[in-house]
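Under the UniProt record's numbering, the first residue of the sequence shown is numbered 1, with each subsequent residue one higher.
Think of the CB as a built atom: it goes at the ideal place given N, C-alpha and C, for glycine as much as any other residue.
For reference, the structure discussed in these notes is given below.
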Amino acid sequence: MPLSEQEQRLLEEMERSLYHNDADFVASVGASRLRPNYRSIAIGVLLAVAGIVALILGVAIAQLWLGILGFIVMFGGVLVAVSPGKAIRGVPGPSAPGRRPAQAKSNQGLMDRLNDRWDRRQDGQ
Numbered sequence: 001m002p003l004s005e006q007e008q009r010l011l012e013e014m015e016r017s018l019y020h021n022d023a024d025f026v027a028s029v030g031a032s033r034l035r036p037n038y039r040s041i042a043i044g045v046l047l048a049v050a051g052i053v054a055l056i057l058g059v060a061i062a063q064l065w066l067g068i069l070g071f072i073v074m075f076g077g078v079l080v081a082v083s084p085g086k087a088i089r090g091v092p093g094p095s096a097p098g099r100r101p102a103q104a105k106s107n108q109g110l111m112d113r114l115n116d117r118w119d120r121r122q123d124g125q
């Protein structure tokens, strides 16, 4: 069920207030600055596929040890594939209190700047 206009305005006002009043909390809870590690994803998928093949082969030829080994390889591949990515270099944590707003804006990502522009446009500034 969609929100009414009044509820949307109230929600946007609460978000702006949160961003303005508790920037440290927003920075700690906000979107992480991680990029996916494509090498780990590719290796994990290959291991998972090899594990599935070994598992099926172990069941087909009635070799319990091969099925168990296949399951372990498959499970390890999935763990490798879903491991967290690397932090993006050059992106600082929450801005220091003594920073100028211009410096803080220059360190924002593209999506943050686009969201700020959208908010300004919606507010009529």
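For the putative contact between residue 155 and G44, defined by C-beta atoms under 8 Å, what is the C-beta separation to the nearest angstrom? There is simply no residue 155 to check, as the chain begins at 1 and stops at 125 in what is shown.
Select from L46, A48, G70 the residue whose C-alpha is nearest the C-alpha of I56. For the residues L46, A48, G70, the minimum Cα distance to I56 belongs to G70.
Going by C-alpha to C-alpha distance, which of E15, L11, R120, A42 sits closest to S83? S83 has its Cα closest to that of A42, out of E15, L11, R120, A42.
Inter-residue CB distance, G67 and L47 (contact presumed, cutoff 8 Å): In fact, because the Cβ distance is near 16 Å, the residues do not count as touching under 8 Å.
Taking the alpha-carbon positions, what's the S95 to D24 distance? For S95, the predicted model reports a pLDDT of 47, less than 50, meaning its position is unreliable and no value from the coordinates is stated.
Under the rule that 16 or more other beta-carbon atoms within 10 Å means buried, what is L3, buried or exposed? Classification for L3: exposed.
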